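Asker: Just dropping this structure here.
Here it is, written out as structure tokens:
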């Protein structure tokens with residue numbers, strides 16, 4: 058059984074992925090419109106105060122969720138949830154930088170065994186290094202039985 | 097009643113139900129918009145079932161989008177500070193679902209309110225739960 062505290066000591070809060078990207082306004086607006094969003098600043102790319110829709114921000118944390126040397130715990134991680142914290146409006150069409158670290162690791166035990174929860178957090182910065190938003194991705198791994 | 101400020105928010109106030117469009121082409125369009133391409137799990141029921149899924153899925157981020165839309169539809173003055181979703185079970189494309197929320201806490205000094213969020217399918221099974229913090233004009 059993997060030692061959760063040891064994992065936390067070794068991996069928490071260390072940036073393991075950095076990437077530059079630009080959000081295309083129409084892509085975010087598409088997600089917003091299909092969601093049923095009604096606010097023009099999310100659905101109209103021509104709106105003066107257009108900003109990236111929170112659910113689109115959540116998609117930015119997809120991809121490599123774990124440090125490359127993170128140990129295999131069992132089966133493939135399942136997408137257990139996502140969270141977005143909006144600190145400033147995230148603009149479209151401008152360079153952004155995403156930095157990802159493991160924010161939390163915890164476990165829960167039940168009748169079917171132990172589940173390990175891994176929270177990876179992407180911090181999204183603009184070109185002026187202002188922190189705009191946090192995008193958390195919650196991965197759930199059913200630990201492989203040792204028997 | 098039009099909700100304009102934090103003082104218009106009441107503890108226990110319910111939002112919804114909002115009945116979003118879960119049509120398969122919408123799932124495919126969202127998957128395409130976020131760069132997941134034409135993955136079968138979001139575009140094709142039959143191929144999804146062959147992969148062991150109950151059908152083509154509504155992407156999790158679209159479920160989050162439904163929740164955000166509900167908040168903005170019913171409280172247009174709200175700004176979502178944080179939204180947190182737990183994907184308990186898949187939402188299946190082309191199957192109806194209902195999106196609701198309830199106000200669980202209000203901080204009039206900070207101008208914020210907490211909401212519990214819920215998406216249920218047509219058999220009233222919980223598929224997505226979540227919480228949100230909204231900021232309102234004081």
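Chains as they are written, first to last, in our numbering: chain A, 58 to 204; chain B, 97 to 234.
Don't be surprised by glycine CBs; every beta carbon is placed ideally from N, CA and C.
If you're wondering where the values come from, they're calculated on a predicted model, not measured in any experiment.
#1: If the criterion is Cβ atoms closer than 7 Å, does the pair residue 190 of chain A and residue 114 of chain A meet it?
#2: Which residues mark the beginning and the end of the beta strand (DSSP E) in which residue 210 of chain B is found?
#3: What are the uninterrupted segments assigned as beta strand (DSSP E) that are 3 or more residues long and contained completely in the stretch 87-139 of chain A, given in chain order?
#4: Less than 7 Å between the beta carbons of residue 73 of chain A and residue 111 of chain A, yes or no?
#5: Of all the CB atoms in chain A, is at least one closer than 7 Å to the CB of residue 182 of chain B?
#6: For the beta strand (DSSP E) that residue 153 of chain A lies in, which residues bound it at each end?
#7: Compute the beta-carbon to beta-carbon distance between residue 230 of chain B and residue 177 of chain B, rounded to the nearest angstrom, for a pair I have assumed lies under 8 Å.
#8: Looking at the secondary structure, which residues open and close the beta strand (DSSP E) in which residue 228 of chain B lies?
#9: Can you find the residues in the same chain that come closer than 7 Å, C-beta to C-beta, to residue 252 of chain A, ignoring five residues on each side of it along the sequence?
#10: Only counting the same chain, and skipping five residues up and downstream in sequence, which positions put a Cβ closer than 8 Å to that of residue 133 of chain B?
#11: Using Cβ-Cβ distances below 7 Å, what residues of the stretch 118-130 of chain B are close to chain A?
#12: So which of B:158, B:218, B:116, B:166 has the shortest CA-CA distance to residue 228 of chain B?
#13: Anything in chain B within Cβ reach of residue 94 of chain A, meaning under 9 Å, just list it in chain order.
#14: Going by CA-CA distance only, name the one from B:222, B:215, B:221 that's closest to residue 117 of chain B.
#15: Of the residues that make up the stretch 130-142 of chain A, which ones have a beta carbon closer than 9 Å to any beta carbon in chain B?
#16: Quick one: measure Cβ to Cβ for residue 159 of chain A and residue 175 of chain A, integer angstroms, because I've assumed they're closer than 8 Å.
#17: Quick one: complete alpha helix (DSSP H) runs, 4+ long, within the stretch 129-199 of chain B?
#18: Using a beta-carbon distance below 7 Å, is residue 100 of chain A in contact with chain B?
#19: Run through chain A and tell me which residues come within less than 9 Å of residue 172 of chain B, C-beta to C-beta.
#20: At least one CB of chain B closer than 7 Å to the CB of residue 91 of chain A: is that the case?
#21: Say whether chain B places a C-beta atom closer than 7 Å to the C-beta of residue 128 of chain A.
#22: Residue 176 of chain B touches chain A at which residues, Cβ-Cβ below 7 Å?
#23: Which residue marks the beginning of the beta strand (DSSP E) containing residue 51 of chain A, and which one marks its end?
#24: Note the first and the last residue of the continuous beta strand (DSSP E) segment covering residue 186 of chain A.
#25: Note down the Cα distance separating residue 134 of chain A from residue 151 of chain A, rounded to an integer number of angstroms.
#26: Whether or not the stretch 161-170 of chain A and the stretch 187-204 of chain B are in contact is what I'm after, with contact meaning three or more pairs of Cβ atoms, one per stretch, closer than 8 Å; do they touch?
#27: Quick check on DSSP: helix, strand or coil for residue 103 of chain B?
#28: Counting only Cβ-Cβ distances shorter than 8 Å, please list the residues of the stretch 199-210 of chain B near chain A, keeping chain order.
#29: Tell whether a beta-carbon distance below 7 Å holds between residue 109 of chain A and residue 179 of chain B.
#30: At least one CB of chain B closer than 7 Å to the CB of residue 116 of chain A: is that the case?
Answerer: Based on what the coordinates show:
#1: Yes, Cβ-Cβ distance for residue 190 of chain A and residue 114 of chain A is below 7 Å.
#2: First-last of the beta strand (DSSP E) with residue 210 of chain B: 208-217.
#3: Within the stretch 87-139 of chain A, no run of beta strand (DSSP E) at least 3 residues long lies entirely inside it.
#4: No. Outside cutoff.
#5: Closer than 7 Å to the CB of residue 182 of chain B there is at least one CB belonging to chain A.
#6: Residue 153 of chain A -> beta strand (DSSP E) spans 153-167.
#7: Their Cβ separation, rounded to whole angstroms, is 7 Å, which keeps residue 230 of chain B and residue 177 of chain B in contact under 8 Å.
#8: Per DSSP, residue 228 of chain B is one residue of the beta strand (DSSP E) stretching across 222-231.
#9: Since the first residue of chain A shown is 58 and the last is 204, residue 252 of chain A is not available in this structure.
#10: The answer, listed in chain order, is 127.
#11: Contact annotation: in the stretch 118-130 of chain B, residues whose CB is within less than 7 Å of a CB in chain A are 122, 125, 126, 129, 130.
#12: Out of B:158, B:218, B:116, B:166, B:166 has the C-alpha closest to the C-alpha of residue 228 of chain B.
#13: In chain order: 161, 164, 165, 168, 169.
#14: The residue with the shortest Cα to Cα distance from residue 117 of chain B is B:215.
#15: Within the stretch 130-142 of chain A, contact with chain B at the beta-carbon level (separation under 9 Å) is assigned to 135, 136, 137, 138, 139, 140, 141, 142.
#16: Their Cβ separation, rounded to whole angstroms, is 6 Å, which keeps residue 159 of chain A and residue 175 of chain A in contact under 8 Å.
#17: List check, alpha helix (DSSP H) in window: 136-139, 141-146, 156-170.
#18: At a cut-off of 7 Å between C-beta atoms, residue 100 of chain A does not count as an interface residue with respect to chain B.
#19: Residues of chain A whose Cβ lies closer than 9 Å to the Cβ of residue 172 of chain B are, in chain order, 95, 96.
#20: By this cut-off, residue 91 of chain A is an interface position.
#21: Output row for residue 128 of chain A: interface = no.
#22: Going along chain A in sequence order, the residues near residue 176 of chain B (Cβ under 7 Å) are 111, 143.
#23: The requested residue 51 of chain A is not part of the displayed model; chain A covers only 58 to 204.
#24: No residue range can be given for residue 186 of chain A, since it is assigned to no beta strand (DSSP E) and is classified by DSSP as neither H nor E.
#25: For residue 134 of chain A and residue 151 of chain A, the distance between alpha carbons rounds to 32 Å.
#26: Three or more Cβ pairs closer than 8 Å define a contact, and the stretch 187-204 of chain B falls short of that threshold against the stretch 161-170 of chain A.
#27: Here DSSP, grouped into helix, strand and coil, assigns residue 103 of chain B to helix.
#28: Taking 8 Å as the Cβ-Cβ cut-off, the stretch 199-210 of chain B has no residue approaching chain A.
#29: In this structure, residue 179 of chain B does not lie closer than 7 Å to residue 109 of chain A by Cβ.
#30: Chain B places a beta carbon closer than 7 Å to that of residue 116 of chain A, counting this residue as a contact.
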